[in-house]
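According to the numbering used here, the sequence shown is numbered sequentially starting from 9. Idealized CB from N, CA, C, for every residue including glycine. Keep in mind it's a predicted model, so treat the numbers as computed, not measured.
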Amino acid sequence: MAAPKKTMRALRYDKYGGGAEGLKHVEVPVPSPSKGEVLLKLEAASINPIDWKIQKGMVRPFLPRKFPFIPGTPYCSDKLTYHLWRKNGGGLAEYAVAPASLTVARPPEVSAAEGASLPTAASTALQQLKAAGVSSFDGGSGSGADSDGPKNVLVTAASGGVGHYAVQLAKLAGLRVTATCGARNLGLVAGLGADEVLDYKTPEGARLLSPSGTRYDAVAHCATGTPWSVFAPVLADRATVVDVTPGVAAAAKSFLQKVTFSRKRLVPLVLIPKKEEMEWLVEMTRQGKLRTVVDSSIRYIRLINQRTRHYRSSPRLTSELLTSPKSLLVSIKFSKLLEESALKILGVEKIASQQEIKKVYHKLALRLHPDKNPRDEALVGEAANNLQEYFRTMHKKVTEADIEEFEAKYRGSNSEKTDLKELYTKHKGNMNRLFCTMICSKPKLDSHRSKDIIDEAIGEGELKSTKVYEKWAKKISGMEPPTNPLERRAKAERKKQFNSILSNIMSKCDSKASSSEPTEEELEQAQQRLESRRAKRRK
Numbered sequence: 009m010a011a012p013k014k015t016m017r018a019l020r021y022d023k024y025g026g027g028a029e030g031l032k033h034v035e036v037p038v039p040s041p042s043k044g045e046v047l048l049k050l051e052a053a054s055i056n057p058i059d060w061k062i063q064k065g066m067v068r069p070f071l072p073r074k075f076p077f078i079p080g081t082p083y084c085s086d087k088l089t090y091h092l093w094r095k096n097g098g099g100l101a102e103y104a105v106a107p108a109s110l111t112v113a114r115p116p117e118v119s120a121a122e123g124a125s126l127p128t129a130a131s132t133a134l135q136q137l138k139a140a141g142v143s144s145f146d147g148g149s150g151s152g153a154d155s156d157g158p159k160n161v162l163v164t165a166a167s168g169g170v171g172h173y174a175v176q177l178a179k180l181a182g183l184r185v186t187a188t189c190g191a192r193n194l195g196l197v198a199g200l201g202a203d204e205v206l207d208y209k210t211p212e213g214a215r216l217l218s219p220s221g222t223r224y225d226a227v228a229h230c231a232t233g234t235p236w237s238v239f240a241p242v243l244a245d246r247a248t249v250v251d252v253t254p255g256v257a258a259a260a261k262s263f264l265q266k267v268t269f270s271r272k273r274l275v276p277l278v279l280i281p282k283k284e285e286m287e288w289l290v291e292m293t294r295q296g297k298l299r300t301v302v303d304s305s306i307r308y309i310r311l312i313n314q315r316t317r318h319y320r321s322s323p324r325l326t327s328e329l330l331t332s333p334k335s336l337l338v339s340i341k342f343s344k345l346l347e348e349s350a351l352k353i354l355g356v357e358k359i360a361s362q363q364e365i366k367k368v369y370h371k372l373a374l375r376l377h378p379d380k381n382p383r384d385e386a387l388v389g390e391a392a393n394n395l396q397e398y399f400r401t402m403h404k405k406v407t408e409a410d411i412e413e414f415e416a417k418y419r420g421s422n423s424e425k426t427d428l429k430e431l432y433t434k435h436k437g438n439m440n441r442l443f444c445t446m447i448c449s450k451p452k453l454d455s456h457r458s459k460d461i462i463d464e465a466i467g468e469g470e471l472k473s474t475k476v477y478e479k480w481a482k483k484i485s486g487m488e489p490p491t492n493p494l495e496r497r498a499k500a501e502r503k504k505q506f507n508s509i510l511s512n513i514m515s516k517c518d519s520k521a522s523s524s525e526p527t528e529e530e531l532e533q534a535q536q537r538l539e540s541r542r543a544k545r546r547k
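Here's what the structure looks like:
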């Protein structure tokens, strides 16, 4: 398609940072398509969390490859929709180029707003459910009631960009859906087809408890800040949690579950756009089986004047669609997600420092040690050795001092408390089994402290008491608390120092004692010297 003019209006930035104020309204040349590319006159473009992350420099050195950079992806023209990020340009412009092989035809029944929202949000939801084991979305076969796939699914942040698509796609697959969202969007999510809707601010919603008592076979996790300990009690055996906002904790947990062959799995998801999936999503939208919820609209010309409001470095912005000045729809905004930390979105490779990776390694190595897994020593020992071999090739040598430092920081930390509660739930209050699998733990040393933590959690309703735990707790209450490990270490150091001094003195004494006795001549000479001194004193 030939451009009717040589220049176009666009919003772009010249360096990292700056947020909305860093965007500049410029007049730039219309891009020229290379071989295998097409020129698109844009009607809509989507702003997603990845855009402000790119501007903040969180995806360097991959994006942007050079400045200036035009944000906004994916985007949509009058006939085509496109997903991937261009290295030198995006959707906040009147024109953009895209590879012909990665564009999908947009039928008249699909609006420009829908065409620009499907590639990121809907594609993520689709791949999320597939990663959880859903294999068919025809409502009857594949992962339905007659298959081994998931039957009950939980969708968190279900009123968000990805979440509201996940609810609809799960219903297309014939699944029973429980969803969480804010109070004002309960009706919206129920209207999308969710069988049960929870307000995440209520106690039941915060704990992800199904009103019907259902345990989830799969979780489409679209929110942030939810620890594994919240998911574990509500998951069925062999359940899968697919996280679209993975961070260091999620990656570490996922790796740990792999090497320990855990039945319940946490799977971090990174979107890989596929043309065939986009074509299917467009067709579902055309048939009216998949809909996009539009919250508000604003013209492109107003966006330029109000860019602080509509393009900001805020983690609460879920998705916005922008279109050309001739279109009525210029902004589509889904309900806001929970506050997201940028560190929760990025992968380990981008944010983990040497110290963070080392910390994860120490924790895994201690947990995988054969002494902690006596029933499967060979299998776990092999996993531990593989982990050590991996770490040796990637990082410098870990010393005993490093492990001691980690253990000192781990004891009493929030991480230790989370692990303790998770293992308590896993072993149903059997503390003997818990201490066999808990890292950096010794029953004689940690029993009283662990009891205090668990009792507090039971009192707050976070954990449930069991008979086996109550019997153990009663026994521990009647025992004398152990000496503080720091005091014991200090006493040992003082004893070691004293023994060293004593040994030095004894060695000197032994050296003198072992010398030969004096001869008679030496005794006589000594006697003469003594008498000579006495004679001088008399004078």
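(message) Whole angstroms are fine: how far does the CA of residue 432 sit from the CA of residue 458?
(response) Looking at the two C-alpha atoms, the distance is approximately 10 Å.
(message) Check for me: the alpha helix (DSSP H) holding residue 457 runs from which residue to which?
(response) 451–467
(request) Find out if the Cβ-Cβ distance for the pair residue 224, residue 240 is shorter than 8 Å. (result) no
(message) In this structure, how does DSSP classify residue 54 when only helix, strand and coil are distinguished?
(response) strand
(request) From the DSSP output, in three-state form, read off residue 426 for me. (result) helix
(message) Please report the distance separating the alpha-carbon of residue 177 from that of residue 184.
(response) 11 Å
(message) Is the separation between the beta-carbon of residue 208 and that of residue 188 shorter than 8 Å?
(response) yes
(request) Have a look at residue 318 and residue 60 and give me their C-alpha separation to the nearest angstrom. (result) Because the pLDDT of residue 318 is 43, which lies under 50, any placement of that residue in the model is unreliable, and the question is left without a value.
(message) Whole angstroms are fine: how far does the CA of residue 206 sit from the CA of residue 19?
(response) One C-alpha to the other measures close to 39 Å.
(request) Give the DSSP-derived three-state secondary structure of residue 193 in the structure shown. (result) helix
(message) For residue 277, would you say it is in contact with chain C, using Cβ-to-Cβ distances shorter than 8 Å as the test?
(response) Given the protein chain composition of this structure (a single chain), no chain C is represented.
(request) Helix, strand or coil for residue 1, going by three-state DSSP, please let me know. (result) Past the boundaries of the shown model lies residue 1; the chain is included only from 9 to 547, so the question cannot be answered.
(message) Only counting the same chain, and skipping five residues up and downstream in sequence, which positions put a Cβ closer than 6 Å to that of residue 213?
(response) Closer than 6 Å at the Cβ level, and outside the excluded window around residue 213, lie 188, 206, 207.
(request) Below 6 Å CB to CB, which residues in the same chain sit around residue 261 once its five sequence neighbours on both sides are set aside? (result) For residue 261, where only same-chain residues beyond five positions count, the Cβ hits under 6 Å are 236, 274.
(request) Output the distance between the C-alpha atoms of residue 215 and residue 472, rounded to the nearest integer angstrom. (result) 13 Å
(request) For the segment 111–148, list the alpha helix (DSSP H) runs that are entirely contained and at least 4 residues long, ordered along the chain. (result) 120–125, 131–139
(request) Determine the DSSP secondary structure at residue 172, reduced to helix, strand or coil. (result) helix
(request) Look at the alpha carbon of residue 450 and the alpha carbon of residue 487, and state the distance between them as a whole number of angstroms. (result) 15 Å
(message) Check this for me: beta carbons of residue 45 and residue 105, under 8 Å apart or not?
(response) yes
(request) Report, in whole angstroms, the separation of the C-beta atoms of residue 129 and residue 163, which I expect to be a contact under 8 Å. (result) About 13 Å separates the Cβ atoms of residue 129 and residue 163, ruling out a contact at the 8 Å cut-off.
(message) Pop quiz: residue 16 and residue 36 are said to be a contact at Cβ under 8 Å. What is the actual Cβ separation, rounded to whole angstroms?
(response) 6 Å
(message) Looking at the secondary structure, which residues open and close the alpha helix (DSSP H) in which residue 477 lies?
(response) For residue 477, the enclosing alpha helix (DSSP H) stretches over residues 475–485.
(message) Would residue 50 and residue 101 be called neighbours here (beta carbons separated by less than 8 Å)?
(response) yes
(request) Pull up the DSSP beta-bridge partners for residue 106, would you. (result) Per DSSP, 46.
(message) So for residue 394, helix, strand or coil by DSSP?
(response) Any reading at residue 394 is ruled out, since the residue's pLDDT is 46, under 50, leaving its predicted position unreliable.
(message) Is the beta carbon of residue 484 closer than 8 Å to that of residue 508?
(response) No. Outside cutoff.
(message) Taking only three categories from DSSP, how would you classify residue 283?
(response) Looking at residue 283 - three-state DSSP - the assignment turns out to be helix.
(request) Would you kindly report the start and end of the unbroken beta strand (DSSP E) that includes residue 211? (result) No beta strand (DSSP E) contains residue 211, which is instead part of the alpha helix (DSSP H) from 211–214.
(request) Would you kindly work out how many angstroms separate the C-alpha atoms of residue 253 and residue 276, rounded to a whole number? (result) 7 Å
(message) So, for residue 222: in the same chain, excluding its five sequence neighbours on each side, which residues have a beta-carbon less than 6 Å away from its beta-carbon?
(response) 160
(message) For a test of the three-state rule: what should DSSP assign to residue 38, helix, strand or coil?
(response) coil
(request) Kindly indicate which residue of 469, 468, 462, 238 has the alpha-carbon position closest to the one of residue 481. (result) Per the Cα distances, 462.
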